[in-house]
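Engineer: First the structure, which I've put down as structure tokens, then a few questions once you've had a look.
2 protein chains.
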Amino acid sequence: MTGNRRTNDPQAVRRRIVDAAYDAFVAQGYLATGMMELREKASVSGGAMAHHFPAKRELGLAVIRDRVADAVRQTWIEPLQACADAPTAIDLIFENIISDLSRKGSVSGCPLNNMAMEVSPHDEEMREALSGVFTGWHDALSAKFQADVDLKRAIGIDPGSLATLVVAAYSGAMAIAKASQEVRPLRDCRQELAALLASKYALAG
Amino acid sequence: MTGNRRTNDPQAVRRRIVDAAYDAFVAQGYLATGMMELREKASVSGGAMAHHFPAKRELGLAVIRDRVADAVRQTWIEPLQACADAPTAIDLIFENIISDLSRKGSVSGCPLNNMAMEVSPHDEEMREALSGVFTGWHDALSAKFQADVDLKRAIGIDPGSLATLVVAAYSGAMAIAKASQEVRPLRDCRQELAALLASKYALAG
DNA sequence: ATTAAAACAGGACAATCGACCTGTTTGGAG
DNA sequence: CTCCAAACAGGTCGATTGTCCTGTTTTAAT
Numbered sequence: 003m004t005g006n007r008r009t010n011d012p013q014a015v016r017r018r019i020v021d022a023a024y025d026a027f028v029a030q031g032y033l034a035t036g037m038m039e040l041r042e043k044a045s046v047s048g049g050a051m052a053h054h055f056p057a058k059r060e061l062g063l064a065v066i067r068d069r070v071a072d073a074v075r076q077t078w079i080e081p082l083q084a085c086a087d088a089p090t091a092i093d094l095i096f097e098n099i100i101s102d103l104s105r106k107g108s109v110s111g112c113p114l115n116n117m118a119m120e121v122s123p124h125d126e127e128m129r130e131a132l133s134g135v136f137t138g139w140h141d142a143l144s145a146k147f148q149a150d151v152d153l154k155r156a157i158g159i160d161p162g163s164l165a166t167l168v169v170a171a172y173s174g175a176m177a178i179a180k181a182s183q184e185v186r187p188l189r190d191c192r193q194e195l196a197a198l199l200a201s202k203y204a205l206a207g
Numbered sequence: 003m004t005g006n007r008r009t010n011d012p013q014a015v016r017r018r019i020v021d022a023a024y025d026a027f028v029a030q031g032y033l034a035t036g037m038m039e040l041r042e043k044a045s046v047s048g049g050a051m052a053h054h055f056p057a058k059r060e061l062g063l064a065v066i067r068d069r070v071a072d073a074v075r076q077t078w079i080e081p082l083q084a085c086a087d088a089p090t091a092i093d094l095i096f097e098n099i100i101s102d103l104s105r106k107g108s109v110s111g112c113p114l115n116n117m118a119m120e121v122s123p124h125d126e127e128m129r130e131a132l133s134g135v136f137t138g139w140h141d142a143l144s145a146k147f148q149a150d151v152d153l154k155r156a157i158g159i160d161p162g163s164l165a166t167l168v169v170a171a172y173s174g175a176m177a178i179a180k181a182s183q184e185v186r187p188l189r190d191c192r193q194e195l196a197a198l199l200a201s202k203y204a205l206a207g
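For the record, the sequence lines run as chains A and B. Using the working numbering, you'd call the opening residue of the first sequence number 3 and step up by one each time. Using the working numbering, you'd call the opening residue of the second sequence number 3 and step up by one each time.
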């Protein structure tokens, strides 16, 4: 009698769930977000949820691999490869983040950092997945520094450790910004990193 | 009949609870630690727990104000004031942390950062307390840089933003170290920060 | 000694968590 | 068309969460 026909679209359902989970995990954290809450936000029944993600940790893994990794790729790796050299890319990335946060008003922090802090002690597989995202980020940055060295744009650089410093400074600045709800830490780090890189790139050229 | 006499020692009981809570919060996180678990670790009855900390958030606030703030003071602020200048202090602090972690084997992360990431979105009062600890840390570092400038040990320095970079680099390096379970990120940041500060301090003197 | 408040014991409470169950519907392979 | 697995609906389950309650003991002030 109820003429409503159901149309199965597993990919879309799964995407809705992962999207809602990503938003909630970033905004409130992994543990603080309940499965019931995600069902409502994604408009998904308990059966569908259990079918796609039998356990919460599998949803967490999906969020890390599908969304967190992509967020890092979009905001860091791609701009890095699109710009001429590392310093201009880094400065542009910081500028984008700062203006985004200034527009939004509140600081919810770095998605990767947020999940890594909370989840790492409890689940080895998720920890390794998060570590892999960090590694990919670091390696892309390190490769760009190395390319700049090869092109004689910079000298006296240790690409690996310098990349670590940039990643750490960004993550840490985001953490402070989240705790203080201010953009100031990001501006400070942008300024200091720009000055540091400028001195290393000035010698060449 | 039971001749066992009880001796009230509220300060010691409270200290046992806060100590157990600090350890657990740092190791597994605030949300992942249950009140029941803390009662057992501190050997405290439900009544005593409720008497000293009617709600979990008050215990969280006590941990932040009594233990986290003190941890930052011990590992950062005091060495900073004891050393001659900022660069040697920072390098010494990193060395201490690195050898501690190498000895311990596992990396549980920066206590301040751990709590800040997890708790900030949920509780405004705890967020402000954590932000205050960050501010105290930053200000002590900034004051040391300023002192070095006044003593003509360094020139061309912006104490405020440089302090932010150091705090962010340390927090971020700890985060990466926690996610990857390696000390490498800390070694990298130590090396880069030492080089950066050396160049700024070389011009003077 | 009396008394009131602080300190503590032990258990109960509703609420919520994540996981799971049985049944129904859809959609593609044969 | 037949058939079966995938996709989905809706509800239930035990366990655990944080909080609170009643009663008892200790402590200190008067």
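Note that beta-carbon positions come from the ideal geometry of N, C-alpha and C, so glycine has one too.
1. So, for MET3/B: in the same chain, excluding its five sequence neighbours on each side, which residues have a beta-carbon less than 7 angstroms away from its beta-carbon?
2. So GLN30/A contacts chain B; which residues on that side make the cut at Cβ distance below 9 angstroms?
3. Per the contact definition of three or more C-beta pairs closer than 8 angstroms, is the stretch 103-113 of chain A in contact with the stretch 127-138 of chain A?
4. Determine which residues of the stretch 87-115 of chain A have a Cβ less than 8 angstroms from any Cβ of chain B, and write them out in chain order.
5. So with CB distances below 8 angstroms, who are the chain B contacts of GLN193/A?
6. Would you check if the distance between the CB atom of LEU199/B and the CB atom of PRO81/B is smaller than 7 angstroms?
7. Output, in chain order, the set of chain A residues within a Cβ distance shorter than 8 angstroms of ALA171/B.
8. Closer than 7 angstroms, Cβ to Cβ, to anything on chain B: give me those residues from the stretch 44-59 of chain A, in chain order.
9. If you measure from the beta carbon of LYS180/B to each beta carbon in chain A, is any gap under 7 angstroms?
10. For LYS43/A, name the three-state secondary structure that DSSP assigns.
11. Can you have a look at ARG16/B and say buried or exposed, based on whether 16 or more other CB atoms are within 10 angstroms of its CB?
12. Count the other CB atoms within 10 Å of the CB of GLY36/B; is the residue buried (16 or more) or exposed (fewer)?
13. If you count every other CB in all the chains shown that lies within 10 Å of the CB of ASN10/A, and 16 or more means buried, which is it?
14. How should ARG7/B be labelled, buried or exposed, when 16 other C-beta atoms within 10 angstroms of its C-beta is the threshold for buried?
15. Please classify SER122/A as buried or exposed, where buried requires at least 16 other C-beta atoms within 10 Å of its C-beta.
16. Okay, do the stretch 37-52 of chain A and the stretch 163-181 of chain A touch, 3+ Cβ pairs below 8 angstroms being the bar?
17. Does DSSP put PHE55/B in a helix, in a strand, or in coil?
18. Terminal residues of the continuous alpha helix (DSSP H) containing SER108/B?
19. Between GLU127/A and chain B, is there a C-beta pair that is closer than 7 angstroms?
20. Excluding sequence positions up to five away, which residues of its chain have a Cβ less than 8 angstroms from the Cβ of ASP125/A?
21. Since I believe ARG189/A is in contact with ASP87/A (beta carbons under 8 angstroms), could you give me their beta-carbon distance rounded to a whole number of angstroms?
22. Which residues in chain B sit within 8 angstroms of LEU198/A, going by Cβ to Cβ distance?
Structural biologist: So, to answer that:
1. Low confidence applies to MET3/B: its pLDDT is 39, below 50, so where it sits in the model is not reliable, and the reading given next is rough at best. There are no such residues.
2. PRO123 and HIS124
3. No, they do not touch.
4. SER110, GLY111 and ASN115
5. ASP160 and SER163
6. no
7. LEU167, ALA170, ALA171 and GLY174
8. none
9. The beta carbon of LYS180/B falls within 7 angstroms of a beta carbon belonging to chain A, placing the residue at that interface.
10. helix
11. So ARG16/B counts as buried.
12. exposed
13. Exposed is the call here.
14. Classified as exposed, ARG7/B has fewer than 16 neighbouring CB atoms from the shown chains inside 10 Å of its CB.
15. Burial call: buried.
16. no
17. coil
18. Looking at the DSSP string, SER108/B is not in any alpha helix (DSSP H), and its letter there is neither H nor E.
19. no
20. ARG59 and GLY62
21. Rounded, the Cβ-Cβ distance is 22 angstroms, inconsistent with contact.
22. LEU198
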